[in-house]
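**Q** Protein chains in written order, with this note's numbering: chain F, 186 to 574; chain L, 186 to 574.
Using N, Cα and C, we set each Cβ at its ideal position, and we do this for glycine too.
#1: Can you give me the C-alpha to C-alpha distance between residue 354 of chain L and residue 360 of chain L, rounded to a whole angstrom?
#2: Between which two residues does the alpha helix (DSSP H) harbouring residue 565 of chain F extend?
#3: Around the Cβ of residue 379 of chain L, are there at least 16 other Cβ atoms within 10 angstroms (buried) or fewer (exposed)?
#4: Using the beta-carbon of each residue, which ones in chain L are nearer than 9 Å to residue 285 of chain F?
#5: My output table needs one value for residue 330 of chain F: the three-state DSSP class, helix, strand or coil.
#6: From the DSSP output, in three-state form, read off residue 558 of chain F for me.
#7: Count the other C-beta atoms from every protein chain shown that fall within 10 angstroms of the C-beta of residue 462 of chain F, then say buried if there are 16 or more, exposed otherwise.
#8: Any beta-carbon of chain L closer than 8 Å to the one on residue 342 of chain F?
#9: For residue 157 of chain L, does the three-state DSSP call read helix, strand or coil?
#10: Just how far apart, CA to CA, sit residue 475 of chain L and residue 243 of chain L?
#11: Just to check my reading of the structure: residue 533 of chain L and residue 566 of chain L have Cβ atoms closer than 8 Å, yes? What is that Cβ distance to the nearest angstrom?
#12: I want to verify the contact list: residues of chain F whose CB lies under 9 Å from the CB of residue 427 of chain L, in sequence order.
#13: Quick one: does residue 305 of chain L have its CB under 8 Å from some CB of chain F?
#14: Return the residue from the list L/377, L/304, L/345 and L/449 that minimises the CA-CA distance to residue 439 of chain L.
#15: Does residue 506 of chain F pass the burial test, meaning 16 or more other C-beta atoms within 10 Å, or should it be called exposed?
#16: Buried or exposed: where does residue 324 of chain F fall if 16 or more other Cβ atoms within 10 Å of its Cβ makes it buried?
#17: Between residue 405 of chain L and the ligand HEM, is the CB less than 7 Å from at least one heavy atom?
#18: What is the residue span of the beta strand (DSSP E) that residue 248 of chain L lies within?
#19: In its own chain, which residues sit with a C-beta less than 6 Å from the C-beta of residue 560 of chain L, not counting the 5 before and 5 after it?
#20: Looking at chain F, which residues of the stretch 459-493 of chain L have a Cβ within less than 7 Å of any of its Cβ atoms?
#21: Helix, strand or coil: how does DSSP classify residue 308 of chain L here?
#22: Can you grab the Cα-Cα spacing for the pair residue 368 of chain F / residue 547 of chain F, in whole Å?
#23: In angstroms, rounded to a whole number, what distance separates the CA positions of residue 329 of chain L and residue 405 of chain L?
#24: For residue 336 of chain L, collect the residues of the same chain with a Cβ closer than 6 Å to its Cβ; drop the 5 residues on either side in sequence, then sort them by chain order.
#25: Grab me the residues of residue 467 of chain L's own chain with a C-beta within less than 8 Å of its C-beta, minus the 5 sequence neighbours each way, in chain order.
#26: Return the residues of the stretch 506-519 of chain L that lie within a Cβ-Cβ distance of less than 7 Å from chain F, sorted by chain order.
#27: What does DSSP give as the partner residue(s) for residue 358 of chain L in the beta ladder?
#28: Under the assumption that residue 366 of chain L contacts residue 430 of chain L (Cβ atoms under 8 Å), give the Cβ distance between them as a whole number of angstroms.
#29: From the DSSP output, read off the bridge partner residues of residue 344 of chain L.
#30: If we define contact as Cβ-Cβ less than 8 Å, is residue 354 of chain F a contact residue for chain L?
#31: In terms of residues, what are the limits of the alpha helix (DSSP H) holding residue 391 of chain L?
#32: Can you name the residues of chain F whose CB is closer than 7 Å to the CB of residue 235 of chain L?
#33: Residue 297 of chain L: buried (16+ other C-beta within 10 angstroms of its C-beta) or exposed?
#34: Compare the Cα-Cα distances from residue 389 of chain L to each of L/401, L/295, L/433 and L/339 and report the closest residue.
#35: If I follow the unbroken beta strand (DSSP E) through residue 433 of chain F, where does it start and stop?
#36: So, with DSSP's three-state summary, where would you put residue 455 of chain L?
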């Protein structure tokens, strides 16, 4: 997951690493781009063919144009040193989670960000420089000392658009903007050199994010059609590179109109691994105990159960979701099937109710063998054993 | 997936290879075992602690003894040259499928086979020899010529037990016995040498299976408590090594009592890949067309969709199930989520109804990203996007 990063070249365009195939670097021109205020052409109402449709009210319909999915205009752009595989998924899916709190799935159509282009985002994520006056990361002060150099703070920018059907087209009604900042900037003095760290204090990171957010907002307000579109901001802080969970959302703000975000609100999120590591204190002891009861039961039940680990997600100190990974060796489909049933029963008995719960049962090599899930709207657990003909 | 097999050592004990970690070869004594009629101790009614419980009437409850899952007495035994990864899953899950046609999930408890032990099955799968008189595979005739040597025909033996609660214990009420035979015996003349093939004609394989089944039955009838237990037989024929689907069940029989199977019945199963390969004629042209419509739609929808392939399962010429694998690169959770919704809608529109349907959406490296399924009893599709905190 580590990408080599020359300390003076800061942004690459690539595929999200957890999705494996690297994006071809055809658009990697950010460093030389001085004119980054390219905007996408827009008409209101937009003409598009149709939407994806949905099979569940838990999901948005999304935009299709000419029969094809409308991918993000900044698809694949990220700073090169994304710290943690979990951050890639957690920032992205966490933002989608906040989307749902603002835009209901029965009224709004989801669209990947169409306003922030690859060129813009590449330029913005780069350091500010003579060649890149739009850069939102601090200028390179030529220091390579962990405590003296200017760290890269801004790590990712995401845009989600929300539309409503109007006549034959769709009107843009709101945008959710996600900014991700680093808690630690990992860097190397020389290629293949040791990885060094510049930690970024919480207050410094937040201050930075607020300023960058307003700069981005004022640039967006100048774009065609965005003058009066409500824009909702969520700021995420990435976790350490060696963490088994992603980072957390830390701030939200709004800008119904105008080029300053208002209603800044602290978000109190926390992701934890159970069983806790290094004597870390659980956010909630009862949740930790519940999980341990579940874990002990399934481990006693089945021989050689290798790993039972939970990612727990807290908002405002309350457990809001849990993803459990169970890794082991099975010898037959009937073993997997029986184990899956047993797990679902133990989950039902011991694990917190009324939160989204996912249990992935995997082979030692990471092949998914079975899975168990319960959404808060579900009456019971869904279980599935993967098979083959 | 290929295991080296010295042509004179025929049976190994190992973990099912698709479950990755090889089983430790502590019990690999089959070749020297002349006394293979070891039987497990049994009492009727058996004393066990409890059952797994189940969360769905689609699954059996299974036996737990002393708080632990009762694993098979022959766990991990197979001949070394299992041809095809799909065969490992297809034989196993196919047998479970036939179990359901005989023993209802609401009345019967499932138990991994407790009568055929590791030592027995190892001895039986080995070639018959002076040292191994119980061997059910033909004696080694010392030839290494593909057309003159005696092929290994019998490949796997599986036992599934079905119990009913009686008082404080459980009574064994029936057994399903699965035999798997080869259509091609793959072998090597020398270590690291070229893999050679001895094809086994359909009639020869069936005749062999019938004889082996009766031998196994008469041995089982001598075991403690099995004299009057109904035993149901299913014979499976493994597919070629390079097939993208497993083989097929070909024969069934019954023995309510006695040591000869009766009511021999041909099973007409067929597993096919869609789109068809090498101009193979589809079992059902409409099913092939339906799948192609689905495939074309999802491939047009999303850029760079790498693979869309279906395993189709036919019984008696009728489509009974379909498992589709879609492999591609995604750049965000929102893309995966939108694609999953679109896929479910297209599946609903184009794919055959009232059969079990599974769509696995994977990254190029095989990581499961999302999943869509519909059981015949479901009212609609279940969709799940795998996530991380």
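**A** Put simply:
#1: Distance between the alpha carbons of residue 354 of chain L and residue 360 of chain L is about 18 Å.
#2: Taken as a continuous stretch (DSSP letters only), residue 565 of chain F belongs to no alpha helix (DSSP H), as it is neither H nor E.
#3: It counts as exposed.
#4: One finds nothing in chain L with a Cβ atom closer than 9 Å to the Cβ of residue 285 of chain F; even the nearest lies about 11 Å away.
#5: In this structure, residue 330 of chain F counts as coil in the three-state DSSP scheme.
#6: If DSSP states are grouped into helix, strand and coil, residue 558 of chain F belongs with the strands.
#7: That one is exposed.
#8: No, because no Cβ of chain L sits closer than 8 Å to the Cβ of residue 342 of chain F.
#9: In the structure displayed, chain L extends from 186 to 574; residue 157 of chain L sits before or after that span and is not available.
#10: Rounded to the nearest angstrom, the two C-alpha atoms are 27 Å apart.
#11: Cβ-Cβ separation between residue 533 of chain L and residue 566 of chain L: approximately 6 Å, consistent with a contact (criterion under 8 Å).
#12: Listed along the chain, the chain F residues whose CB falls inside 9 Å of the CB of residue 427 of chain L amount to none; the nearest CB is some 15 Å away.
#13: Answer no: the Cβ-Cβ gap between residue 305 of chain L and chain F never drops below 8 Å.
#14: Taking only the C-alpha atoms, the option nearest residue 439 of chain L is L/449.
#15: Under this definition residue 506 of chain F is a buried residue.
#16: Label assigned to residue 324 of chain F: exposed.
#17: Within the structure as shown, the ligand HEM is missing, as the structure has no ligands at all.
#18: Per DSSP, residue 248 of chain L belongs to the beta strand (DSSP E) from 246-250.
#19: Short of 6 Å from the beta carbon of residue 560 of chain L, and not among the five residues preceding or following it, lie these beta carbons of its own chain, in chain order: 541.
#20: Result list: 485, 486, 487 and 488.
#21: In the three-state scheme derived from DSSP, where H, G and I count as helix and E and B as strand, residue 308 of chain L is classed as helix.
#22: Approximately 31 Å, taken between the alpha carbons.
#23: Each residue's alpha carbon lies about 34 Å from the other.
#24: Within the same chain, residue 336 of chain L has close Cβ partners 370, 383 and 385.
#25: Correct list, in chain order: 457, 459, 461 and 473.
#26: From the stretch 506-519 of chain L, only 506, 508, 514, 515, 516, 517, 518 and 519 have a Cβ closer than 7 Å to chain F.
#27: Among the bridge pairs identified by DSSP, residue 358 of chain L is matched with none.
#28: Going by Cβ atoms, the distance from residue 366 of chain L to residue 430 of chain L rounds to 17 Å, so no, they are not a contact pair.
#29: Answer is L/362, bridged to residue 344 of chain L.
#30: False, the Cβ-Cβ gap to chain L never drops below 8 Å.
#31: 387-406 is the span of the alpha helix (DSSP H), which, as asked, contains residue 391 of chain L.
#32: For residue 235 of chain L, no chain F residue has a Cβ inside 7 Å of its Cβ, as the nearest lies near 10 Å away.
#33: The residue in question, residue 297 of chain L, is buried, as its Cβ has 16 or more Cβ neighbours within 10 Å.
#34: The shortest C-alpha separation from residue 389 of chain L is found at L/339.
#35: Secondary structure note for residue 433 of chain F: its beta strand (DSSP E) is the uninterrupted segment 433-440.
#36: The three-state secondary structure of residue 455 of chain L, taken from DSSP, is strand.
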